[in-house]
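S.K.:
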Amino acid sequence: MYYIANWKMFGDKKSLNSLNKVIKLSKINKNNKFKLIYCPPYTLLDLFYKKLKNTSIEVGAQNCHENEIYGAYTGSINSKMIKNVGAKYVIIGHSENRSDGESDILINKKIKSSIKNGLKIIFCIGETLSQRKKKLTNKILTNQITKGLSNVKKLSNVLFAYEPIWSIGTGVIPNKDDLEKDIIFIKNKLRNNFKLKNAKVLYGGSVNPKNIAILKKINIIDGFLVGGASQDSKKFIDIVKKTVI
Ligand code: PEP
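Position in the sequence shown (first residue = 1) + 15 = our numbering.
1) With respect to the beta strand (DSSP E) encompassing L51, which residues constitute its N-terminal and C-terminal limits?
2) Going by beta-carbon coordinates alone, are K50 and Y104 separated by less than 8 Å?
3) Heavy atom of ligand 1 less than 7 Å from the Cβ of A76, yes or no?
4) Among the candidates L240, I235, A176, N223, whose CA atom is the shortest distance from the CA of K257?
5) Check whether the stretch 185-204 touches the stretch 228-241, taking contact to mean three or more Cβ pairs, one atom from each stretch, closer than 8 Å.
6) Please tell me whether N123 and E83 are closer than 8 Å, where the distance is taken between their beta carbons.
7) Where does V187 land, buried or exposed, given buried means 16+ other C-beta within 10 angstroms?
8) Just list the beta strand (DSSP E) runs in the stretch 63-128, keeping only unbroken ones of 3 residues or longer that don't cross its boundaries, in chain order.
9) Hey, how far is the Cα of K48 from the Cα of S110?
10) Assign I19 to one of three DSSP states: helix, strand, or coil.
11) Beta carbon of N21: closer than 7 Å to some heavy atom of ligand 1?
12) Leaving out five residues before and five after G243 in sequence, what residues of the same chain have Cβ atoms less than 7 Å from its Cβ?
13) Among all the DSSP beta bridges, which residues are the ones paired with A176?
14) Using the Cα positions of L230 and W22, report the straight-line distance between them to the nearest angstrom.
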């Protein structure tokens with residue numbers, strides 16, 4: 016099971032202290048039952064890497080520029096730079112970036128350049144509430160997957176995070192049966208159209224220690240992408256403990 020902490024635009028140097036308890040948790044992970052990945056803001060990537068480098072916890076970035084080589088792009092950071100500070104993952108296609116204008120074509124470029132630079136991808140997909148109400152979820156997911164993965168090599172380096180946009184930061188999660196159907200739909204699509212037999216599909220959207228008991232029942236979920244609750248190490252640890260320990 017994967018547990019990915021997306022810290023969004025939160026955290027400073029003091030936040031490093033909150034990792035101590037999570038490091039302790041990682042030491043009781045005897046049979047590699049779980050994998051912990053921290054995605055702090057760019058400013059903390061190097062510090063997180065150094066703090067976590069002798070543990071099993073890995074580090075990822077939350078986005079990147081699409082260019083695989085360095086260039087004159089003021090304010091941007093590419094996958095080569097992310098890899099250079101020891102991070103192994105990058106989140107791509109998060110709805111908070113899609114809503115800022117990130118297109119499927121741009122997402123596809125980011126995925127390709129990040130894979131070329133040796134990063135693993137946490138590829139976010141998900142529909143809005145109005146799309147869901149119009150029963151467009153499958154169409155939207157198909158579109159995002161097809162365009163995002165177009166001509167991508169090494170698909171085994173991609174993890175998928177199904178994040179219904181109406182669930183992110185709202186405290187609302189899908190009902191169990193609907194979520195199960197959505198995850199099955201994504202896995203079937205990846206198997207049938209991309210020959211990905213064992214794709215890892217995580218769920219993200221308001222995961223917390225209270226609703227994890229419901230989410231845990233869906234045993235085809237391969238892990239969780241946790242936003243708000245991951246900034247509180249007690250809550251993050253609780254989510255892990257209530258599912259795998
Ligand atoms: C996210 O940002 O990916 C996310 C799932 O956020 P939250 O857990 O806060 O809904």
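All C-beta atoms, glycine included, are put in the ideal place defined by N, C-alpha and C.
M.R.: Quick answer:
1) Per DSSP, the continuous beta strand (DSSP E) segment holding L51 begins and ends at 50-54.
2) Going by C-beta atoms, K50 is not nearer than 8 Å to Y104.
3) Not one heavy atom of ligand 1 falls within 7 Å of the beta-carbon of A76.
4) Closest option to K257, Cα to Cα, is N223.
5) Output reads yes: the stretch 228-241 touches the stretch 185-204.
6) Between N123 and E83, the CB-CB gap reaches or exceeds 8 Å.
7) In summary, V187 is exposed, with fewer than 16 beta-carbon neighbours lying within 10 Å of its beta-carbon over all protein chains present.
8) Runs of the beta strand (DSSP E) inside the stretch 63-128: 73-76, 104-107.
9) Distance between K48 and S110, taken at the CA atoms: about 29 Å.
10) Secondary structure of I19 (DSSP, three-state): strand.
11) Relative to ligand 1, the beta carbon of N21 is positioned inside 7 Å of a heavy atom.
12) Closer than 7 Å at Cβ, skipping near neighbours: G184.
13) For A176, the beta-bridge partners assigned by DSSP are C139, L217.
14) For L230 and W22, the distance between alpha carbons rounds to 21 Å.
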